[in-house]
Every structure is written in structure tokens, then in C-alpha cells.
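For reference, the structure is listed below as C-alpha cells.
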Amino acid sequence: MMKNVYSVGQVNTYIKNMFAQDFMLQRISVKGEVSNCKYHTSGHIYFTLKDSVGTISAVMFAGSRRGLKFTMKEGDKVIVTGSVEVYERDGKYQLYAREIELDGAGNLYLKFEALKRELEEMGMFAPEYKKPIPKFAMRIGIVTAPTGAAIQDIRNIAKRRNPYVELILYPALVQGDGAVPSIINGIRALDAHGVDVMIVGRGGGSIEDLWAFNEEEVARAIFECETPVISAVGHETDTTIADYVADLRAPTPSAAAELAVFDYYLVKEQMTSMEGHMRRLLRQKMEAARMRLAHAQTKLRYLSPENKLRENRKYAADLEERATMRMTQLLEQKRHQLALLSGQLEGMSPVKKLSQGYSYVSNENGYAVTDALHVEKGDILDIRLLHGALKTEVIEVLNDNKQ
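Residue numbers (this note's numbering): 229 to 631.
Now the structure itself:
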């Protein structure tokens, strides 16, 4: 009986075709631990993927390196997505990787960083989009689980700080299946309800437990919310995408309550202090106003038209009195001068001389004759007496020097 005999190449080709026809092997994801990881100078990465029961050789060619978002190293827990094929030359099968991602928390961290970069580039973390948190909110919406430490902490702190504030709880799923739509519905419902500020969050947990607050849909719901949102997810060291998008990040739900609920008693004390301060200021201002009014009244009395008229009348009277006194003095002075001049004039008066027996002698030309030397015998002279005049002819001239 003749039996079929095949070459090694034929067998390898046959097996390769069998692998190629298996749809599942053309796109398969395999998880395991990386070992024997080597980065070749050509850009290819050769490594072995292993678990507790076996190993499989794997390679990522340089052209697929964009499917690797981190630097892979020995011991990494990864999920490799690609195809399982036979290498005909060696007759060995291996995993040809197209995408490699970290398994578990490491993978979630990469997703977190990728989404963070994407949303940041879109401007969803920009400060100009942050809405201010109202200082005196009276209606506070809370999106969190109805049970657990978060809501209890918020209630206790709100009661201690302000018993008059209204808390409105939207009981939401905060982890697991359905958490994302539940949180989104809670944000939108409270936003439509018209609260003053909203707290969105939950207590602490692993990155897997908090992952709902790292989803893009939740981030967009917070960004689009008209109401100011305070994120309060996990503990102080936990950070989620919701923290970056929210208008204010609180390290814990308790801290969020402290930020959202104003201290009624402290505000009351401050208002009482301000009232006292305002009363003191008012009294000071009223006293200052009274002083200004008194000063204005004094100034008005001093500058009033009536006072001016009174002062002007007094000034006019003083001027009149001084003018009268000056006129009297001038008249008296002139009278005295007139008396002196009158006495002098009287002493020099020809009439007075004539009344004393003297006479005024003039020649025919009207010139006064004061010296006998100017008169000759036969001259006609006029002699003016006190009463009347004489016209005479000189009979003889008697000269003092001849005597």
C-alpha cells in the first residue's frame, strides 16, 4: 500500500493555511506576563508571553508600534491583540501583535491619561469655563449613592454648619454597570431642578471602583451643567477626570460639604460684628456731618448778604464819619490860613494906610511918586486921600539931601 509523503515545507504551508482559515486566530487577545523582551534595532519588538501554565512567542513589527502606548518591560502584565500565525521557515507559530495594553490598573491608568490629554486639548479644563461657587447657597444638590459614608458625612457637616440649608439627593449608582448613565441622569435632573450648587462624588476605592468618574460621558455632563459643580471623588490622593472638569475640586465629600455649605453661625457673628461696626461708622459720620453743618452755618453767617450789607453799612458810616472829620479839619485849617492871610492883607492895605493919614501920590502918567528927586517944580501931581483926591502943581521941591 502506497502512503502519502509530504515535504516539511508542504506541512508547514498546510498548517499555516489552517491557522489562516481560523477566524478566531486572526484577531485574538491574549493576556499574560512579558518576558525576554527585546527591542531590535530594526524597530521590531520580540518577547514571550507567559502565564502559570504555558508560554507563547510574540513579535510586534515596527509598522505596528503605534499600537503600543507605553514602554514595555519585563514583568508587565499585558493584553496583546493580534493574530496567531505559523512561521513557515521554522515551523513554529507565534503571536503577531498589533496592539498591546497594560492589564488591570495599569491599563486603566493609560486610558485615564489619554482621555485627560484629549479633554485638556479640547479646553474642557480651562479656567475661563469654571463657574464660581456661590458663597451663600441654600439649595444644594448631591449626586452620590444613597448609602455609604459620603452622604452621611455631607449630611453631618451640613447640619453642623447650617441647619437651614436644603439638601436634595439624587440616589445614583457610583460604580459597576449602569453607574455612568445613573450619574449623568442625576447631574441633568438636579441641574433642571434649579439647585444653587451641586456635589458629585462618592467615597474612596480602587481605580476600578472610581472609574465611572473617569468616563468621557460623565465629564461632558459636568462640563455642560449650568449649575456650579463641586467634584468629591474618593480620598485626597485620588484624582479623576471629573475633578479636572468640575468647577471646583474637593479632596473628599466632607471637604465638598465644607465648601458648599456656608457656616450660618459664623456668618451671623460676622454680620453682628459688621452691624456694630456700621453703627459706629454711622455715628462718626453723623458727628462729622454735624460739625460740617455747624461750620457751614458759621461760614454762612459770615458770608451771608445780610452780614455783608451790615458790614458795608458800618464801613460806609465809618467812611462818612472820617470824611466829615477830615472836612472839618480842612475847613478849620483853611479858616486859620485865611485869617493869617487876611491879617497880612490888612497890614498891606492902601486904604488902611490912607486912613492913618498917609496919601498916594502919582504923576500925570499915573506912576507912583515915591522920591522927590523924580519931581520937578511945575509938575502936576495927583494926591489920593482916604476920601477923594487932589490935583496939585509943585511949587518947590524939597530934597532931603539938600537940607
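Glycine included, each C-beta is placed from N, C-alpha and C at the ideal position.
Residue i burial status per 10 Å Cβ neighbour count (16 or more: buried)
| i | result |
| --- | --- |
| residue 475 | buried |
| residue 233 | exposed |
| residue 552 | exposed |
| residue 390 | buried |
| residue 461 | buried |
| residue 455 | buried |
| residue 426 | buried |
| residue 459 | buried |
| residue 468 | buried |
| residue 595 | exposed |
| residue 520 | exposed |
| residue 481 | buried |
| residue 281 | exposed |
| residue 398 | buried |
| residue 346 | exposed |
| residue 624 | exposed |
| residue 279 | exposed |
| residue 524 | exposed |
| residue 260 | buried |
| residue 322 | buried |
| residue 418 | buried |
| residue 443 | buried |
Contacts around residue i, its chain only, beta-carbon distance under 8 angstroms, and the 5 residues preceding and following it disregarded
| i | result |
| --- | --- |
| residue 411 | 371, 400, 401, 402, 428, 440, 441, 446 and 449 |
| residue 626 | 600 |
| residue 563 | none |
| residue 351 | 357 |
| residue 578 | 588 |
| residue 582 | 588, 612, 613 and 614 |
| residue 270 | 290 |
| residue 236 | 319 |
| residue 416 | 449 and 453 |
Bridge partner(s) assigned by DSSP for residue i
| i | result |
| --- | --- |
| residue 460 | 429 |
| residue 257 | 309 |
| residue 532 | Residue 532 is not bridged to any residue. |
| residue 476 | 458 |
| residue 621 | 608 |
| residue 556 | Residue 556 pairs with nothing; no bridge assigned. |
| residue 270 | Per DSSP, none; premise fails for residue 270. |
| residue 278 | 261 and 283 |
| residue 588 | 612 |
| residue 399 | 372 |
Residue i beta carbon near the ligand FMN (any heavy atom closer than 7 angstroms)
| i | result |
| --- | --- |
| residue 403 | The model on display carries no ligand, and the ligand FMN is accordingly not part of it. |
Cut-off 7 angstroms between Cβ atoms - residues of its own chain near residue i, not counting five sequence neighbours on either side
| i | result |
| --- | --- |
| residue 250 | none |
| residue 254 | 311 |
| residue 491 | 389 and 390 |
| residue 302 | 262, 263 and 265 |
| residue 591 | 597, 607 and 609 |
| residue 568 | none |
| residue 298 | 330 and 338 |
| residue 457 | 426, 428, 450, 474 and 475 |
| residue 478 | 458, 459, 460, 484 and 487 |
| residue 293 | 271 |
| residue 466 | 432 and 438 |
Own chain, CB closer than 6 angstroms to residue i, minus 5 neighbours either side, in chain order
| i | result |
| --- | --- |
| residue 248 | none |
| residue 273 | 267 and 288 |
| residue 631 | Unreliable positioning characterises residue 631 in this predicted model, as indicated by a pLDDT of 46, which lies under 50. The coordinate reading is nonetheless provided below. Correct list: empty, nothing qualifies. |
| residue 431 | 376, 377 and 378 |
| residue 257 | 307 and 309 |
| residue 327 | 295 and 309 |
| residue 560 | none |
| residue 325 | 286, 288, 308 and 310 |
Below-8 angstroms beta-carbon distance, residue i vs any chain C residue
| i | result |
| --- | --- |
| residue 560 | Of the protein chains in the structure, only one exists, and it is not chain C. |
Decide yes or no for the touch test of the stretch 507-515 against the stretch 377-396: beta carbon pairs closer than 8 angstroms, at least 3 of them. no
For the stretch 612-625 against the stretch 580-588, do three or more pairs of beta-carbon atoms, one drawn from each stretch, fall closer than 8 angstroms, so that the two count as touching? yes
Complete runs of the beta strand (DSSP E) confined to the stretch 590-615 [at least 3 residues]: 608-612
If we require 4 or more residues per run, which alpha helix (DSSP H) segments fall completely within the stretch 285-354? 333-349
Along the chain, which unbroken stretches of the beta strand (DSSP E) at least 3 residues long are found entirely within the stretch 364-397? 367-372
Can you confirm whether the stretch 239-246 touches the stretch 315-323 when touching is taken to mean that 3 or more C-beta pairs between the two stretches lie within less than 8 angstroms? yes
Below 8 angstroms, can you find three or more Cβ-Cβ pairs linking the stretch 358-366 to the stretch 329-348? no
Quick one: complete alpha helix (DSSP H) runs, 4+ long, within the stretch 474-519? 481-488
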